[in-house]
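Following: one structure in structure tokens, then a few remarks.
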Amino acid sequence: MYQVFLEGNKEPISVDINIRHQQVSGVVNHQPFTAEIEKTHPFEYYIRYNHHSYNILILKVNNEEKTLTLKINGKRVTLQVKDKFDLLLQQLGMDKAMSKKVENIKAPMPGKIIDVLVSEGQAVKKGDTLLILEAMKMENALKAPHDGIVKKVYISKGIAVEKNQPLIEI
1294 MYQVFLEGNK
1304 EPISVDINIR
1314 HQQVSGVVNH
1324 QPFTAEIEKT
1334 HPFEYYIRYN
1344 HHSYNILILK
1354 VNNEEKTLTL
1364 KINGKRVTLQ
1374 VKDKFDLLLQ
1384 QLGMDKAMSK
1394 KVENIKAPMP
1404 GKIIDVLVSE
1414 GQAVKKGDTL
1424 LILEAMKMEN
1434 ALKAPHDGIV
1444 KKVYISKGIA
1454 VEKNQPLIEI
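Residue numbers (my numbering): 1294 to 1463.
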């Protein structure tokens, strides 16, 4: 069972799908359906359902955000899909906790820390400068890749670092 959210809609569509021998069947919001499906090209399908036909082109699949962007009969549609695991996490109240990103900011090259501009517990926004690293006589500003809270600062001003050495955890 999946829940599909159409772009802009807050109410999900519950979907259970089974594809066999050029036929797709399932249940959408407790209503059974069966449709014919034909793969016409890579990422392109032709579906016949209830005396209507639909040309569907898969434009983009984002596995991280669990979104699917389609073009259905020329109209662009973005869907967000939640599977059984996502729904279970949501029921347990853990869906928002799992979406938090933890990331180690690592040294892109060997160098010396010129300045550390953040401290543990500080909130940062995507693009905020975290530290200045001098490498090959150039100063490089390392920036936050996403919004978050600085969990750990592993370095201090003036120390030498090696490539891929963890510097800050957000």
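The beta carbon of each residue, even a glycine, is placed where N, CA and C say it ideally should be.
Bear in mind the structure is a predicted one, so any value in this text is a computation, not a measurement.
Checklist entry - Touching or not, the stretch 1376 to 1386 and the stretch 1317 to 1325, by the rule of three or more beta carbon pairs under 8 Å? => result no
Checklist entry - On the three-state DSSP scale, how would you describe L1521? => result With the chain covering only 1294 through 1463, there is no way to say anything about residue 1521.
Next on the checklist: I need the DSSP call for F1298, collapsed to helix, strand or coil.
Outcome noted: Sequence index remark: in the sequence shown, residue 1298 carries index 5 (1-based). Three-state DSSP puts F1298 in a strand.
Item to check | 8 Å Cβ cutoff met for L1363 and V1374 | outcome: Taking the first residue of the sequence shown as position 1, residue 1363 is located at position 70. Taking the first residue of the sequence shown as position 1, residue 1374 is located at position 81. No.
Checklist entry - Is the stretch 1394 to 1410 in contact with the stretch 1324 to 1340, if contact means three or more CB pairs nearer than 8 Å? => result no
Item to check | Residue span of the beta strand (DSSP E) that contains Q1324, given as start and end | outcome: As a first step, residue 1324 is located in the sequence shown; it is residue number 31 there, counting from the start. Q1324 to H1334 is the extent of the beta strand (DSSP E) around Q1324.
Checklist entry - Checking contacts by CB at 8 Å: is S1318 closer than that to chain D? => result Although the question refers to chain D, the structure presented lacks it and comprises just one protein chain.
Checklist entry - Which residues in the same chain as E1358 place their Cβ atom closer than 8 Å to its Cβ, once the five residues preceding and following it in sequence are excluded? => result To locate residue 1358, count along the sequence shown from 1; it is residue 65. For E1358, where only same-chain residues beyond five positions count, the Cβ hits under 8 Å are Q1373.
Next on the checklist: Cutting at 7 Å between CB atoms, please list the residues of its own chain near D1376, excluding the five before and the five after it.
Outcome noted: Indexing the sequence shown from 1 puts residue 1376 at position 83. Contacts found: Y1295.
Checklist entry - Is it the case that the Cβ atoms of I1461 and L1423 are separated by a distance below 8 Å? => result Within the sequence shown, the letter at position 168 stands for residue 1461. Within the sequence shown, the letter at position 130 stands for residue 1423. Yes, the pair counts as a contact, with Cβ atoms nearer than the cut-off.
Item to check | Residues of its chain near V1454, where Cβ-Cβ distance is below 8 Å and the 5 sequence neighbours each way are ignored | outcome: As a position in the sequence shown, residue 1454 is number 161, starting the count at 1. Only A1400, P1403, G1404, K1405, I1406, L1426, I1448 and L1460 meet the Cβ criterion.
Next on the checklist: So, for D1408: in the same chain, excluding its five sequence neighbours on each side, which residues have a beta-carbon less than 8 Å away from its beta-carbon?
Outcome noted: The sequence position of residue 1408 within the sequence shown is 115, counting from 1. Around D1408: L1424, I1425 and K1450.
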